[in-house]
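Anchor point for the sequence shown: position 91 equals 77 in our numbering, and the numbering is continuous, going up by one each time. Think of the CB as a built atom: it goes at the ideal place given N, C-alpha and C, for glycine as much as any other residue.
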Amino acid sequence: MEPTACAGTDRPGQYGHRFFAGLGGRNLSARGHGGEVAVQSALFTEVGCERILRFAFDLARTRAHKKVSSVTKSNAQQYGMVLWDDVFKRVAADYPDVETESVLVDAMSAKFVLRPENLSVVVASNLNADILSDLGSALAGSLGLAASANLNPERRFPSMFEPVHGSTPDIAGQGLANPIGAVGSAALMPDHFGLPDQAARLNKAIEATTGAGILTRDVGGTATTDDVVKALIDAHDV
């Protein structure tokens, strides 16, 4: 089963949870060369933790394997991540039908490699999930395959849908980019808008294209970006 990673957001006005808060600084340079000290703090809010954790549990209930794996580092980050763990335990009590586990991020990295079949929904704060989502997509074959969405669950503000790899300007115009991640991200959008049939058509087009062996170089194929896009369009129109 393909794991899904849910990451806490860094947009407080939209979501109520800002991990990358810009708290801290490099204000001790007066110590002289070699003596500078930098301080960086992460901000966790109870409402932000609960929001992403409940989203993960609700998502798990839609899966055949109803399980949420919480990623933490509370053995070293004794304030923010302990708050995360406490909220996870409290929210889990409302979902007795969902299996749970809490795993340290270093151990979860090993689990992604050695036991991915044991995962269903993985939920983590922004930094940990950023790392794990890249690891997961690389294990699947390529960063070009991974779709992502930054969702506002209440729909008060727009959500954003983009491939995990970003814009990849270093290979722009060379026909090397894998469009699967972008199309997969597009499929997440109608699903979020309550249009599962349209989302399923896009996902089926991805399955048909990859199943036919029409692949870009990053996953062992010889097709160009345009070749894969054409195949996706043709499969979608069937």
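Out of Ser119, Phe179, Leu125, Pro155, the CA that lies nearest to the CA of Arg141 is found in Phe179. Secondary structure of Gly207 (DSSP, three-state): coil. Straight across, the Cα-Cα distance linking Ile192 with Val169 is about 8 Å. The beta-bridge partner set that DSSP reports for Thr86 consists of Val54.
The residues Ala24, Val25, in chain order, have a CB closer than 8 Å to that of Gly11 in the same chain once the five nearest residues on each side in sequence are set aside. Inclusion of Ala42 and Val109 in the CB contact set at 7 Å is warranted, their separation being smaller than that value. In the three-state reduction of the DSSP assignment, Ala110 falls in the strand class. Separation of Thr195 and Leu125 (C-alpha to C-alpha, rounded to the nearest whole angstrom) is 20 Å. When secondary structure is reduced to three states using DSSP, Phe74 falls in the helix class. The C-beta distance from Val54 to Ala46 rounds to 5 Å, short enough to fall under 8 Å.
Counting only runs of 3 or more residues that sit fully inside the region 123 to 207, the beta strand (DSSP E) segments are 133 to 136, 146 to 149, in chain order. When only Cα atoms are considered, Ala79 and Ala221 end up about 44 Å apart. With respect to Ser145, Ala132 sits apart: the two C-beta atoms are not nearer than 7 Å. In the DSSP assignment, the residues bridged to Ser27 are Leu9. For Arg40, the enclosing alpha helix (DSSP H) stretches over residues 32 to 46.
The C-alpha of Pro82 is placed about 15 Å away from the C-alpha of Ala50. In chain order, Leu39, Ser56, Ser88 place their CB closer than 7 Å to the CB of Phe74, counting only its own chain and leaving out the 5 sequence neighbours on each side. Approximately 23 Å separates the beta-carbon atoms of Lys52 and Leu90; this is outside 8 Å, ruling out the contact.
Counting only the Cα atoms, Ala185 lies some 5 Å from Ala173.
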